[in-house]
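In full-length UniProt numbering, the protein residues as written are 1 to 318.
1) From this set, 167, 197 and 282, which residue's C-alpha is nearest residue 184's C-alpha?
2) Just confirm the distance between the C-beta atoms of residue 232 and residue 157, as a whole number of angstroms; I'd bet it's less than 8 Å.
3) Just to confirm my understanding: we take residue 268, look at its own chain, exclude 5 residues before and 5 after, and list those with CB closer than 6 Å. What are they?
4) Ordered along the chain, which non-local residues of its own chain (more than five positions away) have a Cβ less than 7 Å from that of residue 174?
5) Using DSSP with H/G/I as helix, E/B as strand and the rest coil, what is residue 86?
6) Taking 8 Å as the cut-off, decide whether the C-beta atoms of residue 200 and residue 239 are in contact.
7) Apply the 10 Å Cβ neighbour rule to residue 314 and answer buried if 16 or more other Cβ atoms are within range, or exposed otherwise.
8) Roughly how far, in whole angstroms, is the beta-carbon of residue 109 from the beta-carbon of residue 193, given that I think they are within contact range, below 8 Å?
9) According to DSSP, is residue 214 helix, strand or coil?
10) For residue 90, which of 99, 79 and 300 has the nearest alpha-carbon?
11) How far does the alpha helix (DSSP H) with residue 176 in it extend, from its first residue to its last?
12) Starting from residue 154 and walking both ways along the alpha helix (DSSP H), at which residues does that stretch end?
13) Rounded C-beta distance between residue 121 and residue 205? I'm assuming under 8 Å.
14) Let's test the definition: count the other Cβ atoms within 10 Å of the Cβ of residue 116 and tell me whether it reaches 16, buried, or not, exposed.
15) Which of helix, strand or coil does DSSP assign to residue 277?
Given below as structure tokens:
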């Protein structure tokens, strides 16, 4: 296992280096001039040259990349070219909002998806399975922004069950913070819940047809007990995989949900930095998201053996 972890860590480091190169080149391929956006349309050539020198844009690309990589490794992410605020401060203020939203959405999706998946397998061919399948189909088909607007109109404005917008920091009031995040988290997690439901149902159906399940039934265990003890446990491998792959997507894909519910999160920061050609912020945002993907995928591989001891990683040693 130690050898496997070291190999994955090396691969993860290489992935981050390649990602930093792609981000660095891709950001500079964006149309527009950040120096012109910062100095203004009426800026003189001398002013533009001064701004480019201040931002380091007048240096060769190799020097710019080495400077960018060195600052990122030391934790100095530079300053926003739009506001002059340190990038680390901007990220520190917005990233927790998106992380709490994504984690809340994952909890909602896992609970709802597994519950409906177990229900669909337990009552195969009967109306509970039809309801679960219909709900999953709607969750996969209906756009989240449309559901968000309907939820605001119906649950927030009409019934006044949830706030339509706003955010309370978790450190200030955890209860009110979760209350404000409940509706956005449900909207964000609906699509993931549908995927988890369908995959859980398919995995449990396959597991319930295996020899060891038939042996357990032959020993006198009830179907419900076998379903939860063997079927659900084996389906957790699928759930862990889906959550691991989608968690990073939820963090990076919360832009629409945060815009609808006016949450001051990572998504809004990303949009603002792209529109204003804010190089330091864009680079930091994308690399942090990439780092999150790498860490999550590594954690998923480790959790495989925890969820199912039969799983053995090739090349791992105890």
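Glycine included, every Cβ here is placed at the ideal spot set by N, Cα and C.
In this text the structure is predicted, and so the values were computed from the model without any measurement.
Considering the structure as presented:
1) Your numbering for residue 184 matches position 184 in the chain shown. Minimum Cα distance to residue 184 is reached at 167.
2) Within the chain shown, the letter at position 232 stands for residue 232. Within the chain shown, the letter at position 157 stands for residue 157. Wrong, their Cβ atoms sit about 39 Å apart, outside the cutoff.
3) Start at 1 with the first residue of the chain shown, and residue 268 comes out as number 268. These residues qualify, in order along the chain: 258.
4) Numbered from its first residue, the chain shown carries residue 174 at position 174. Answer for residue 174: no residue qualifies.
5) As a first step, residue 86 must be located in the chain shown, where it is residue number 86. Strand.
6) Walking along the chain shown from the start, residue 200 turns up at place 200. Walking along the chain shown from the start, residue 239 turns up at place 239. It is a contact, given that the beta carbons lie within the stated cut-off.
7) One-based indexing of the chain shown puts residue 314 at position 314. Summary for residue 314: the model assigns pLDDT 49, below 50, so the residue's position carries little reliability, and this model does not support an answer.
8) Stepping through the chain shown from its first residue, residue 109 is reached at position 109. Stepping through the chain shown from its first residue, residue 193 is reached at position 193. Correct: roughly 4 Å between the Cβ atoms.
9) Taking the first residue of the chain shown as position 1, residue 214 is located at position 214. In the three-state reduction of the DSSP assignment, residue 214 falls in the helix class.
10) Counting from 1 along the chain shown, the entry for residue 90 is found at position 90. Comparing Cα-Cα distances from residue 90 to each of 99, 79 and 300, the minimum goes to 79.
11) Position 176 of the chain shown holds residue 176. Residue 176 -> alpha helix (DSSP H) spans 174-207.
12) Residue numbering aside, residue 154 sits at position 154 when the chain shown is read from its first letter. Where residue 154 is concerned, there is no enclosing alpha helix (DSSP H), given that its DSSP letter is neither H nor E.
13) On the chain shown, residue 121 is found 121 positions in, with the first residue counted as 1. On the chain shown, residue 205 is found 205 positions in, with the first residue counted as 1. Confirmed, about 6 Å.
14) Counting from 1 along the chain shown, the entry for residue 116 is found at position 116. Under this definition residue 116 is a buried residue.
15) Along the chain shown, one-based indexing puts residue 277 at 277. In this structure, residue 277 counts as coil in the three-state DSSP scheme.
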